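Engineer:
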């Protein structure tokens, strides 16, 4: 420490360097942030990424039969996976598998076995029922349980009962699987409306509602 | 030539500073070296794999099974290139070596840390290196997980979906974080290039930088000395110098280690991508992460379902199980050096039985990890009839607290027993050979 502090009317070299370095860091940091901003690409809602819509035909999702229309006779109390197939902008068929969360689970139970809280009006004759096949916990595809008691998610062993509106019967999932209203149109199973509840990955009703609105606006 | 180099590069100074570094002679000090050799093998095999790998999830025609012209068999380019790597001479072997080494690297790092913990080598002045080591462990696991996704078969796809779900489960910012990390909504068009960037550039870069810092600090601070050094030459560094005595030992160890990995890879297949097939919506039964993340998986499997809405954010079982719980465990590990109050520098590795509480706590911690990992096998335990759906969670939760507690008090008891025996032994020796004093 010197006793005399030199009073320099002009900017010192140290000050200049500090300011220059600070400026560089600030500008560099901002430009880096703008680069990082592009890490999250813009989401374009194309037809293949839309959720199951009114009028969509249900087709097989299994690789060997993908795209074939599901017949009522093929359904049973064993899960059948399905994709919704709608129309593209040019009128051709589009399987909506751009969003893997669109995968559906179809069941057919003998009359009387489907009970509340299943929405029976959204089923075909109280026999055929469709659910979102995506576990509400971590988003895995749910399968038949090997114990014969409904459905089980292979990822963290969430369990659902397809006869009772796919309510959670065990494990960590927070919500039932969303039911999809279906009806029979000739030989084809056709979607009659949006999911009755919000499906995975939505966590707030408002988000699901605004997404539905966005889809409707784009289709209109 | 030595002189020529010395005049330009001052080799003699390097020699004094680094090449004469003394290595303690004890086999437990090889664990860190094995971790380092793993990293080197991983980088070498990784470069070779990168030469043939195509980091893209755009669909291409499967050249092994092209399908028909009106219905071509389309698979992601990354998966296709992994199939091609398998078809290369020694290609499958290369993948196996890479995969096995990754597992062994994590294992070696974990055992290395156990050695550090149980001998008290994390104590002052080596706290910083314990923390760097923790970061190395975390980034090694992250690198391994991103590598897991690259073949982009159905297994990788399902794993990635869960990882995406976990990232998205963070309250308030989750969805944005997940999309920024994985290039858009799952599965983003650029998700494989993104993860490829992480796996071959970002994470190895971090690993190499941390490894460099880890070793520089180790050279600066010197190894902890094994107990025998105290008897031979108190307060002096005892060991063999890196050059030339330790070098042949290291080379031999590296070659033996590489040989064992090649042997493993030759006979034990890993991750058969052909078996899982390209990404699809068909779930895979018994899908599980690698062993070092099984405890997180187990936590997710036994945590009950709940949802708390807080200021517009959602705190759910997934966030708590996959992010909060592991963070708490990691924080506990980070905090280890801070629990030690000693002011003096520590020179000599301690005998674990002289520190029964630390030993017991470490064993209990590992027991908790093991119980959580076993909980990851909940579906299998139920299928095998050992547990049933109704009682599985309750029993696993009880075990999660009971077994570590039993381990803790068990270890304390055993150590106390050993000490009593040792003291009795010394008393007897004292009684029968007073001439020694």
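Chains as they are written, first to last, in UniProt numbering: chain Z, 1 to 220; chain F, 1 to 437.
Glycine residues also receive a C-beta, built at the ideal position from the N, C-alpha and C atoms.
Please read all numbers here as calculations on a predicted model, not as lab measurements.
Using a Cβ cut-off of 8 Å (strictly closer), state whether residue 417 (chain F) contacts chain Z.
Structural biologist: Here residue 417 (chain F) refers to the residue found at position 417 of the second chain. Not one chain Z Cβ lies under 8 Å of residue 417 (chain F).
Engineer: Short of 6 Å in beta carbon distance, which residues of its chain neighbour residue 299 (chain F), apart from the five on each side in sequence? Order them along the chain.
Structural biologist: The residue you call residue 299 (chain F) lines up with position 299 of the second chain. Closer than 6 Å at the Cβ level, and outside the excluded window around residue 299 (chain F), lie 321, 325, 372.
Engineer: Touching or not, the stretch 13–25 of chain F and the stretch 154–165 of chain F, by the rule of three or more beta carbon pairs under 8 Å?
Structural biologist: Judged by Cβ distances under 8 Å, the stretch 13–25 of chain F makes no contact with the stretch 154–165 of chain F, as fewer than three pairs qualify.
Engineer: Would you mind reading off the limits of the beta strand (DSSP E) that contains residue 87 (chain Z)?
Structural biologist: Position 87 of the first chain holds residue 87 (chain Z). Run containing residue 87 (chain Z): 80–87, per the beta strand (DSSP E) assignment.
Engineer: Does residue 185 (chain Z) come out as helix, strand or coil in the three-state DSSP assignment?
Structural biologist: In the first chain, residue 185 (chain Z) corresponds to position 185, counting from 1. Three-state DSSP puts residue 185 (chain Z) in a strand.
Engineer: Could you give the uninterrupted runs of the beta strand (DSSP E) lying entirely in the stretch 293–339 of chain F, keeping only those of 3 residues or more?
Structural biologist: As far as the stretch 293–339 of chain F is concerned, its whole beta strand (DSSP E) runs of at least 3 residues are 307–310, 313–316.
Engineer: So if DSSP puts residue 225 (chain F) in a beta bridge, which residue, or which two residues, is it bridged to?
Structural biologist: Position 225 of the second chain, counted from the start, is the residue given in the question as residue 225 (chain F). In the DSSP output, where bridge partners are listed per residue, residue 225 (chain F) has F:348.
Engineer: Closer than 7 Å, Cβ to Cβ, to anything on chain F: give me those residues from the stretch 118–139 of chain Z, in chain order.
Structural biologist: Under the 7 Å Cβ criterion, the stretch 118–139 of chain Z contributes 137, 138, 139.
Engineer: What residue from Z:64, Z:37, Z:51 has the CA that sits closest to residue 96 (chain Z)'s CA?
Structural biologist: One-based indexing of the first chain puts residue 96 (chain Z) at position 96. Comparing Cα positions, the closest option is Z:51.
Engineer: What residues from chain Z crowd round residue 203 (chain F), counting only those whose CB sits closer than 7 Å?
Structural biologist: Your numbering for residue 203 (chain F) matches position 203 in the second chain. Residues of chain Z passing the Cβ test: none, with the nearest at roughly 16 Å.
Engineer: For residue 116 (chain F), which residues of its own chain have a beta-carbon under 6 Å away from its beta-carbon, when the five flanking residues on both sides are left out?
Structural biologist: Translated into the one-based positions of the second chain, residue 116 (chain F) becomes position 116. The answer, listed in chain order, is 122.
Engineer: Give me, in chain order, the residues of the same chain whose beta-carbon lies closer than 6 Å to that of residue 436 (chain F); leave out the 5 immediate sequence neighbours on both sides.
Structural biologist: For the purposes of this step, residue 436 (chain F) is identified with residue 436 of the second chain, where counting begins at 1. A caution first: residue 436 (chain F) carries a pLDDT of 49, below 50, which makes its placement in the model unreliable, though a value can still be read off. Counting only Cβ-Cβ distances below 6 Å, and skipping sequence neighbours, we find nothing.
Engineer: Please return the same chain residues whose Cβ sits closer than 6 Å to the Cβ of residue 82 (chain F), not counting the five positions on each side in sequence.
Structural biologist: What you label residue 82 (chain F) is simply residue 82 of the second chain in a count that begins at 1. Within the same chain, residue 82 (chain F) has close Cβ partners 151, 273.
Engineer: Report the rounded CA-to-CA distance for residue 332 (chain F) versus residue 338 (chain F), giving the unit in angstroms.
Structural biologist: The sequence position of residue 332 (chain F) within the second chain is 332, counting from 1. The sequence position of residue 338 (chain F) within the second chain is 338, counting from 1. Their backbone Cα atoms lie some 10 Å apart in a straight line.
Engineer: Can you tell which of Z:178, Z:207, Z:169 has its C-alpha closest to the C-alpha of residue 390 (chain F)?
Structural biologist: As a working note, residue 390 (chain F) is residue 390 in the second chain. The residue with the shortest Cα to Cα distance from residue 390 (chain F) is Z:169.
Engineer: Go through its chain and collect everything with a Cβ distance to residue 62 (chain Z)'s Cβ below 7 Å, but skip five positions before and after it.
Structural biologist: Stepping through the first chain from its first residue, residue 62 (chain Z) is reached at position 62. Excluding residues within five positions, the ones whose Cβ falls inside 7 Å are 81.
Engineer: Note down the Cα distance separating residue 4 (chain Z) from residue 12 (chain Z), rounded to an integer number of angstroms.
Structural biologist: Residue 4 (chain Z) sits at position 4 when you count from the first residue of the first chain. Residue 12 (chain Z) sits at position 12 when you count from the first residue of the first chain. About 16 Å.
Engineer: Please report how far the alpha carbon of residue 475 (chain F) lies from the alpha carbon of residue 259 (chain F), in whole angstroms.
Structural biologist: This structure gives no information on residue 475 (chain F), because the portion of chain F shown stretches from 1 to 437.
Engineer: DSSP three-state label for residue 94 (chain Z), please.
Structural biologist: Sequence index remark: in the first chain, residue 94 (chain Z) carries index 94 (1-based). Residue 94 (chain Z) falls in the strand class under three-state DSSP.
Engineer: Alpha carbon to alpha carbon, how far is residue 18 (chain Z) from residue 209 (chain F)?
Structural biologist: For the purposes of this step, residue 18 (chain Z) is taken as residue 18 along the first chain, with counting starting at 1. For the purposes of this step, residue 209 (chain F) is taken as residue 209 along the second chain, with counting starting at 1. Their Cα atoms are separated by approximately 27 Å.
Engineer: Near residue 26 (chain F), what residues of its chain come up, given a Cβ to Cβ distance below 7 Å and the 5 sequence neighbours on each side ignored?
Structural biologist: Indexing the second chain from 1 puts residue 26 (chain F) at position 26. Within the same chain, residue 26 (chain F) has close Cβ partners 226.
Engineer: Report yes or no: do three or more beta-carbon pairs, one from the stretch 420–432 of chain F and one from the stretch 372–381 of chain F, lie closer than 8 Å?
Structural biologist: Because the criterion of three Cβ pairs below 8 Å is not met, the stretch 420–432 of chain F and the stretch 372–381 of chain F do not touch.
Engineer: Under 8 Å: do the stretch 173–180 of chain F and the stretch 31–50 of chain Z share three or more Cβ pairs, one atom per stretch?
Structural biologist: Touching, yes, given that three or more Cβ pairs across the two stretches are closer than 8 Å.
Engineer: By the 9 Å beta-carbon criterion, what residues does the stretch 178–205 of chain Z contribute toward chain B?
Structural biologist: Judged by its chain identifiers, the structure shown contains no chain B, and its protein chains are Z and F.
Engineer: Assign residue 427 (chain F) to buried or exposed, taking buried as 16 or more other Cβ atoms, counted over all protein chains shown, within 10 Å of its Cβ.
Structural biologist: If you number the second chain from 1, residue 427 (chain F) lands on position 427. Flag for residue 427 (chain F) reads exposed.
Engineer: What do you get for residue 417 (chain F), buried or exposed, if any count of 16 or more other CB atoms within 10 angstroms of its CB means buried?
Structural biologist: Walking along the second chain from the start, residue 417 (chain F) turns up at place 417. It counts as exposed.
Engineer: Hey, residue 84 (chain Z) and residue 136 (chain Z): beta-carbon distance below 8 Å or not?
Structural biologist: Taking the first residue of the first chain as position 1, residue 84 (chain Z) is located at position 84. Taking the first residue of the first chain as position 1, residue 136 (chain Z) is located at position 136. No, the Cβ-Cβ distance between residue 84 (chain Z) and residue 136 (chain Z) is not below 8 Å.
Engineer: Buried or exposed for residue 248 (chain F), going by 16 or more other Cβ atoms inside 10 Å?
Structural biologist: The residue labelled residue 248 (chain F) in the question sits at position 248 within the second chain. Classification of residue 248 (chain F): exposed, given that the 10 Å Cβ count is below 16.
Engineer: If we define contact as Cβ-Cβ less than 8 Å, is residue 437 (chain F) a contact residue for chain Z?
Structural biologist: Counted from its first residue, the second chain places residue 437 (chain F) at position 437. Confidence in residue 437 (chain F) is poor, its pLDDT being 46 and thus under 50, which makes the residue's placement unreliable; the coordinate value appears in the next sentence. Closer than 8 Å: no.
Engineer: Evaluate the contact criterion for the stretch 193–210 of chain Z versus the stretch 175–184 of chain Z: three or more CB pairs, one atom per stretch, below 8 Å.
Structural biologist: With a cut-off of 8 Å, the stretch 175–184 of chain Z and the stretch 193–210 of chain Z count as touching, because enough Cβ pairs lie within range.
Engineer: Which residue comes first and which comes last in the alpha helix (DSSP H) that contains residue 379 (chain F)?
Structural biologist: For the purposes of this step, residue 379 (chain F) is identified with residue 379 of the second chain, where counting begins at 1. 378–383 is the extent of the alpha helix (DSSP H) around residue 379 (chain F).
Engineer: At what residues does the alpha helix (DSSP H) containing residue 253 (chain F) begin and finish?
Structural biologist: On the second chain, position 253 is the one that residue 253 (chain F) refers to. First-last of the alpha helix (DSSP H) with residue 253 (chain F): 247–267.
Engineer: Going residue by residue through the stretch 373–425 of chain F, where are the continuous alpha helix (DSSP H) segments of at least 4 residues, counting only ones entirely within it?
Structural biologist: For the stretch 373–425 of chain F, whole alpha helix (DSSP H) runs of length 4 or above, ordered along the chain, are 378–383.
Engineer: Kindly list the residues whose CB is nearer than 8 Å to the CB of residue 56 (chain Z), restricted to its own chain and excluding five residues on each side of it in sequence; keep chain order.
Structural biologist: By one-based count along the first chain, residue 56 (chain Z) stands at place 56. Excluding sequence neighbours, residue 56 (chain Z) sits near 84, 85, 86, 96, 190, 191.
Engineer: My understanding is that residue 254 (chain F) touches residue 401 (chain F), with C-beta atoms under 8 Å, so please give their C-beta distance in whole angstroms.
Structural biologist: In the second chain, residue 254 (chain F) corresponds to position 254, counting from 1. In the second chain, residue 401 (chain F) corresponds to position 401, counting from 1. Going by Cβ atoms, the distance from residue 254 (chain F) to residue 401 (chain F) rounds to 43 Å, so no, they are not a contact pair.
Engineer: Helix, strand or coil for residue 437 (chain F)? Go by DSSP, reduced to three states.
Structural biologist: Taking the second chain and counting its residues from 1, one reaches residue 437 (chain F) at position 437. Residue confidence is low: residue 437 (chain F) scores 46 on pLDDT, short of 50, so the model does not pin down where it sits. No coordinate-derived value is stated.
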